[in-house]
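Structure first, commentary second.
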């Protein structure tokens, strides 16, 4: 070839093909990119050692050419590693680092992608230091299996609280096993389908011709024409005709809403507004000066009751939203669904692909006015800062933030989906596993119920809940019901005419696994289960500020509603938030409020989180029948409006004179 640079360029282009770049960056390459490596090599050889000429070519080329050009220029500059002459023929280029990921929607479920650290995240290597050569890439003789990618059950989130970050660990399971095990099995199944000739090489030609794939049994749109098959291959095939695990996940992602085992959607929509312009703040701040005066605090209960249209002494956030939206010139009917605000979102997913530089910038922006991040944001969790600040200089660096993957979390929760968390099962769908000693010292108030956990800290209300939108399904019973309904001749199977009469369910070819022209119960059950397998294998989390921080502060028992006692005691509770005791409550004194919603099912988070399950208070002990009969809203307490007796009797029962009859006040004391 001539010069060493030319030989090195040939080696680079022989390894870094559009297919390998595509698999490394998880991106789709251009359909016409297949010829580009050869074209770039030709122009490189023509340009010899003129890097500027190659750079000019890149300005009119695609993304793939850009990546190749940068590698070639690096070779010319002598910055790429050149192995010794004896080993050069047996080495391959180290795979480039994974590109930064958008933190708005972060994903899990792909096999671990190769990555190499850079910048502050990388260990410094002297210019002449020899780097061990990487083993040559060999052609696979069989498809990867899930055994090559052990399932994981724990994911970590860093939430940006109002006064500092909060490290949360989620231990996620589906049917009692690690959350990504079902997705890995689904990928294995697709790869087996893509190897119909069983030669150990799954291909897109085989996959797009298989009945399961053609007729949408993996949750995908049907692919029945040659044009549709060509489009699928063009969009998802890395260029070699084979199907690999990355390509399967990308396909499921496009066709099933999210083909990943776990993904995080984070929003900052209500940051700040949930304290300054929330529905409750607009209701109580009748002079519209942005704070609550002593008079406004005193009238809080009266103004709250003005939204109790059904007079049941129970108020939900929706009772305030409609009225406040119409009353406020700042909030048009569709304004609450506005675009995200400037700045970091409420949370970021922490894993081996996290950009620690970007995370540091977010921390600086939120807590340090762009300066160095020191102990102050970790004032409530100082031990975390001490563990992260490994050099002891009092300021965090990007490389030190990687310690967030190893330090003890502030909050550890188990979220369980599937049969293990079915109703009536002793296994709780959501369980608080541990709090850090730093949080325990703050004596948080905990409120736990089925699928819902709320923590009240000095300046933070945190709500975590789970919603299983793909609960347990008895596919055997479902298949039997459909077979009985469609089997018009009662011969125990479905033929083509019976399937056609049922409408656009599945054509016979999609279900007939043995090719006998008859659909029996096992085949129907398999099709029903397979069609839902992608959605049932996906967990999604949504992290954000709660819509109304003032509502969260008044909800003393964190059950998602304001009950009789909470309404009645709202003036005292609001006054207690006045930290400087100047008789005025300003937004900065209202605790921040965050939520984390975790659900199962595809495409759930596009319009925001699902509604949180409500937690109802069950009165303790035996109550008289008259008490239960008067408790119209079933909150376990009686207000004066609910009590049907005389005022003097109510006053005698209300021994603590708080205006509400509790369960332990149901016995009438002797008359004075």
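Residue numbers (my numbering): 500 to 1171. The beta-carbon is built from N, C-alpha and C at its ideal position, and this holds for glycine as well. Remember, it's a predicted structure, so these values are computed and weren't measured experimentally.
For residue i, count neighbouring C-beta atoms within 10 Å of its own C-beta (all shown protein chains included) and say buried if the count is 16 or more, exposed if not.
i: residue 1148; result: exposed
i: residue 826; result: At residue 826 the pLDDT is 41, less than 50, meaning the model places this residue with poor confidence; the figure from the coordinates comes in the next sentence. Residue 826 is exposed by the Cβ-count criterion.
i: residue 1128; result: exposed
i: residue 854; result: buried
i: residue 989; result: exposed
i: residue 948; result: buried
i: residue 773; result: buried
i: residue 815; result: exposed
i: residue 1155; result: exposed
i: residue 896; result: buried
i: residue 1021; result: exposed
i: residue 682; result: buried
i: residue 929; result: buried
i: residue 983; result: exposed
i: residue 675; result: exposed
i: residue 1113; result: exposed
i: residue 725; result: exposed
Give the range of the beta strand (DSSP E) segment to which residue i is assigned.
i: residue 659; result: 653-659
i: residue 1091; result: 1091-1099
i: residue 664; result: 664-673
i: residue 966; result: 959-967
i: residue 1044; result: 1038-1044
i: residue 911; result: 910-916
i: residue 762; result: 761-765
i: residue 955; result: 951-956
To which residues of the same chain is residue i closer than 6 Å at the C-beta, ignoring the five residues directly before and after it?
i: residue 1028; result: 974
i: residue 862; result: 872
i: residue 628; result: Bear in mind that the predicted position of residue 628 carries a pLDDT of just 36, short of 50, making it unreliable; the figure below should be weighed with that in mind. Correct list: empty, nothing qualifies.
i: residue 812; result: 1063, 1132, 1138
i: residue 1008; result: 710
i: residue 1157; result: none
By Cβ distance below 8 Å, which residues in the same chain neighbour residue i in space, the five residues on each side in sequence not counted?
i: residue 784; result: 790, 791, 795
i: residue 786; result: 792, 795
i: residue 1165; result: 1122, 1123, 1126, 1152
i: residue 943; result: 934, 954, 955, 956
i: residue 729; result: none
i: residue 599; result: Low confidence applies to residue 599: its pLDDT is 34, below 50, so where it sits in the model is not reliable enough to give any reading.
Does the distance from the CB of residue i to the CB of residue j come in under 8 Å?
i: residue 880; j: residue 663; result: yes
i: residue 1095; j: residue 1040; result: yes
i: residue 1045; j: residue 769; result: yes
i: residue 952; j: residue 931; result: yes
i: residue 994; j: residue 1017; result: yes
i: residue 656; j: residue 846; result: yes
i: residue 690; j: residue 1066; result: no
i: residue 962; j: residue 761; result: no
i: residue 906; j: residue 887; result: yes
i: residue 903; j: residue 848; result: no
i: residue 692; j: residue 709; result: yes
i: residue 1111; j: residue 765; result: no
i: residue 1005; j: residue 1033; result: no
i: residue 1069; j: residue 800; result: yes
i: residue 968; j: residue 1107; result: no
i: residue 744; j: residue 735; result: no
i: residue 865; j: residue 659; result: yes
i: residue 1093; j: residue 1084; result: no
i: residue 908; j: residue 667; result: yes
i: residue 747; j: residue 686; result: yes
Among residues of its own chain, excluding the 5 on either side of residue i, which ones have a beta-carbon nearer than 7 Å to its beta-carbon?
i: residue 1088; result: 1076, 1077, 1078
i: residue 651; result: 677, 679
i: residue 1064; result: 1136, 1159
i: residue 877; result: 663, 883, 884
i: residue 978; result: 1020, 1023, 1024, 1027
i: residue 820; result: 778
i: residue 702; result: 693, 740, 741, 742
i: residue 981; result: 1023
Is residue i near the ligand MN - that is, is its Cβ less than 7 Å away from at least one heavy atom of it?
i: residue 679; result: Of the ligands one can find in the structure shown there are none, so the ligand MN has no counterpart to examine.
Hey, quick one: how far does the alpha helix (DSSP H) through residue i stretch, first residue to last?
i: residue 1069; result: 1069-1075
i: residue 795; result: 793-797
i: residue 996; result: 995-1000
i: residue 1049; result: 1048-1053
i: residue 848; result: Per DSSP, residue 848 belongs to no alpha helix (DSSP H); it is in the beta strand (DSSP E), 846-849.
i: residue 1024; result: 1020-1035
The stretch 889-896 in contact with the stretch 935-942 per 3-pair CB rule at 8 Å: no
Validate contact between the stretch 908-916 and the stretch 697-709 using beta carbons, cut 8 Å, 3 pairs: With a cut-off of 8 Å, the stretch 697-709 and the stretch 908-916 do not count as touching, because too few Cβ pairs lie within range.
Any 3 or more C-beta pairs closer than 8 Å across the stretch 804-817 and the stretch 1069-1086: no
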